[in-house]
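One structure is given below, encoded as structure tokens.
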Amino acid sequence: MEAKKLSHGGTFARNSSAVAGVVALLLGLSILVLPLSPLYPACNSQQIYVPAVTTPAAAGAAAPAAAPATAWLGAPSRAIPPNVTVMVFGGSTTFGRGVSDPDKKWVEEFKRAFERLTGSNVTLVNRGRGGTMADYFASCFSRYLNGQPTPTVFLLEFAINGGNVTRLVESMLRSSDAPVVLVRQMACYPAIRYSSATDLDARVSWPEQREEQRTAAYVYRLHEFDFVSHVVPEYGSPCSADSLPKLFEVHEAPGQHLGDLGQHLLGEFVASELVRNWDAVFDPTRRAATPQPPAFKETCFYADESGNSCAGEGAACSIENAFAPDGEGWAFVAKAAGRKDKICWQADKSGVRLTTVDPVEFFEATIYADFTDQNPSTMELFCGDQLLKEIQLKHGMRGSMVKAVTLPAACSGQKLTIVAKEAAPDKLLRVCGISMFS
Ligand SMILES: *[C@@H]1O[C@H](CO)[C@@H](O)[C@H](O)[C@H]1NC(C)=O
Ligand SMILES: *[C@@H]1O[C@H](CO)[C@@H](O)[C@H](O)[C@H]1NC(C)=O
Ligand SMILES: *[C@@H]1O[C@H](CO)[C@@H](O)[C@H](O)[C@H]1NC(C)=O
1 MEAKKLSHGG TFARNSSAVA GVVALLLGLS ILVLPLSPLY PACNSQQIYV PAVTTPAAAG
61 AAAPAAAPAT AWLGAPSRAI PPNVTVMVFG GSTTFGRGVS DPDKKWVEEF KRAFERLTGS
121 NVTLVNRGRG GTMADYFASC FSRYLNGQPT PTVFLLEFAI NGGNVTRLVE SMLRSSDAPV
181 VLVRQMACYP AIRYSSATDL DARVSWPEQR EEQRTAAYVY RLHEFDFVSH VVPEYGSPCS
241 ADSLPKLFEV HEAPGQHLGD LGQHLLGEFV ASELVRNWDA VFDPTRRAAT PQPPAFKETC
301 FYADESGNSC AGEGAACSIE NAFAPDGEGW AFVAKAAGRK DKICWQADKS GVRLTTVDPV
361 EFFEATIYAD FTDQNPSTME LFCGDQLLKE IQLKHGMRGS MVKAVTLPAA CSGQKLTIVA
421 KEAAPDKLLR VCGISMFS
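The sequence shown begins at 1 in the UniProt record's numbering and counts up by one.
In structure tokens form, the structure reads like this:
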């Protein structure tokens with residue numbers, strides 16, 4: 001696109017006076033903002049967020065009599081629809097940990113800011129869930145769309161929890177035409193404090209999680225709104241002794257979750273970026289140029305708060321009916337302790353088996369396991385008699401966690417068996433879902 005534009009000298013000349021106007025406006029605005037943030041890089045000045053009350057008129061330019069409430073630097077030319085449904089996936093910050101009041105979580109701040117800037121109504125579907133990686137949402141994805149308003153756009157926030165964001169994006173692209181935008185936020189998280197002090201594997205590497213999200217942006221050419229670069233000019237390193245207490249919650253888990261101010265800034269930033277980039281995000285040629293995700297057939301056994309329905313395209317069948325326990329020791333538990341929305345198979349002793357009722361067919365599968373705390377439980381997965389994988393469930397922080405484990409192994413025409421290798425009443429093993437790709 002850029003190259004094409006340059007070769008059309010006429011177009012460039014016609015647009016250049018408009019460009020000069022915008023540049024002049026940017027300069028004017030950056031003079032207003034500069035004293036506040038002397039380190040703000042010049043190349044970022046177009047990101048400056050202009051609240052509705054600070055329209056160009058207020059900046060001193062000769063203004064039309066009634067500047068619209070949506071006056072907006074770099075306002076998009078493609079109309080933003082009056083009703084916008086935003087579906088958000090992410091971890092605990094998106095769920096709302098870190099703020100003093102649920103109304104202050106960043107997604108709510110985003111909704112208010114977006115509505116204020118555009119005059120549109122936002123319907124928010126927030127699927128943020130603490131301790132989950134992208135893999136958890138990647139399988140059986142269409143269950144998130146069933147019975148919900150059709151999303152206009154998806155926002156993903158996995159720069160902290162990581163996981164295979166590329167796989168999640170592929171599931172989304174298979175299920176929906178809505179564009180996907182990534183939100184890059186941050187944590188200053190001393191992992192060792194919340195996980196086993198003796199288990200060095202528990203210290204996950206945050207740069208690695210961030211890279212997992214960036215990889216998806218790269219492969220599927222997605223926008224990633226980089227909050228980190230946005231706050232650095234004003235706050236320096238967000239993790240410095242000075243900035244951390246301003247931006248993050250510091251009582252429960254210092255530096256792990258953005259606090260009231262951090263989430264406020266994040267919500268406003270994402271709203272302003274979405275408005276500013278609306279045209280590009282929704283550009284149909286962009287979607288057309290996106291690589292096609294591989295087409296798989298997905299068979300899903302899952303049960304969550306939306307019930308056990310097994311009808312309709314993409315519906316998840318209840319995992320209750322997928323397995324039959326072999327002897328005692330596995331039970332189907334509704335509303336497992338500490339979770340309202342879990343219905344899982346649970347084992348509390350070693351050696352017990354859980355086998356699918358029917359033979360299965362997959363070249364890759366994902367299994368969801370729920371686990372509670374420091375006592376690691378272990379399971380083995382067999383295709384017929386062949387061991388596919390041993391899975392140790394550990395690294396629980398506090399409360400229960402959900403882990404989505406990928407099985408990069410095929411199983412064809414045989415039953416799948418889960419053996420509780422290490423389980424006890426204080427080492428509960430819970431299997432809550434399975435998705436099989438064939
Ligand atoms: C937004 O929703 C309100 C309340 O439902 C409605 O009155 C208003 O017309 C809506 N705005 C648009 C732009 O549709
Ligand atoms: C937007 O939603 C509001 C309320 O939900 C409704 O009253 C209005 O008609 C909708 N506007 C459009 C253009 O669909
Ligand atoms: C992530 O998922 C994609 C798509 O399923 C796959 O191609 C890729 O190998 C996965 N990456 C890792 C690191 O597992």
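Using N, Cα and C, we set each Cβ at its ideal position, and we do this for glycine too.
Since the model is a prediction, treat every value here as computed from it, not as a measurement.
By the Cβ-count criterion, Y218 is exposed, with fewer than 16 other Cβ atoms from all chains shown falling within 10 Å of its own Cβ. If you check the CB distance, F269 and F227 come in under 8 Å. Put simply, the backbone Cα of L388 is about 46 Å away from that of V232.
For F248 and G128, the gap between their C-alpha atoms comes out near 18 Å.
Between the segment 120–137 and the segment 159–176 there are three or more C-beta pairs closer than 8 Å, enough to call the two in contact. Proximity to L156 across I319, A369, L274 and V360 peaks at L274, based on C-alpha coordinates. In terms of Cβ geometry, C300 and C140 form a close pair [threshold 8 Å]. Annotated three-state conformation of K297 is coil, per DSSP. Comparing C-alpha distances from T132 to each of N121, P294 and L168 shows the shortest one belongs to L168. Under the three-pair Cβ rule at 8 Å, the segment 248–258 does not count as touching the segment 79–86.
Secondary-structure assignment with DSSP links W345 through a beta bridge to F332 and V431.
At the C-beta level, T378 and E361 stay beyond 8 Å of one another. Assigned with DSSP and collapsed to three states, N375 falls in coil, not helix or strand. Rounded to whole angstroms, the gap between the alpha carbons of D260 and W106 is 9 Å. With 6 Å as the limit, the residues whose C-beta approaches a heavy atom of ligand 2 more closely than that are P82, N83 and N121, in chain order.
Sorting C411, P293, A410 and A324 by C-alpha distance to the C-alpha of V352 places A324 at the top. Runs of the beta strand (DSSP E) lying entirely within the segment 138–173, each at least 3 residues long, are 153–157 in chain order. Taking T417 as reference, the option from V431, P425 and K427 with the minimal CA-CA separation is V431. Check the Cα spacing between T366 and each of F437, A347 and P294: the tightest is with F437. Taking S100 as the centre and dropping the five residues before and after it, the same chain places the C-beta of D260 closer than 7 Å to its C-beta, in chain order. In this structure, G130 places its C-beta atom within 8 Å of the C-beta atom of F95. Counted as a single uninterrupted DSSP element, the alpha helix (DSSP H) harbouring K111 occupies residues W106 to T118.
With a cutoff of 7 Å, R174 does not count as near ligand 3, since its C-beta is closer than that to no heavy atom of the ligand. Inclusion of E170 in the 7 Å shell around ligand 3 follows from its C-beta lying nearer than that to a non-hydrogen atom of the ligand. Within the same chain, and ignoring the five residues on either side of E115 in sequence, the residues whose Cβ sits closer than 8 Å to its Cβ are N121 and V122.
CA-CA distance, G91 to Q185, rounds to 11 Å. CA-to-CA, the gap between V357 and A322 works out to about 6 Å. Proximity to A409 across S272, S435, T93 and G98 peaks at S435, based on C-alpha coordinates.
Boundaries of the alpha helix (DSSP H) around R276: D260 to R276.
Rounded to whole angstroms, the Cβ separation of A369 and K403 is 5 Å, and the two are in contact under 8 Å. Approximately 6 Å separates the beta-carbon atoms of H223 and N277; this is inside 8 Å, confirming the contact.
K349 and D326 have their C-alpha atoms roughly 13 Å apart. Taking a 10 Å sphere around the C-beta of P149, we find fewer than 16 other C-beta atoms and assign the residue as exposed. Look at R167: its beta carbon is less than 7 Å from one of the heavy atoms in ligand 3. Q292 carries a coil assignment under DSSP once its states are collapsed to helix, strand and coil. Distance from the C-beta of N164 to the nearest heavy atom of ligand 3 is below 7 Å.
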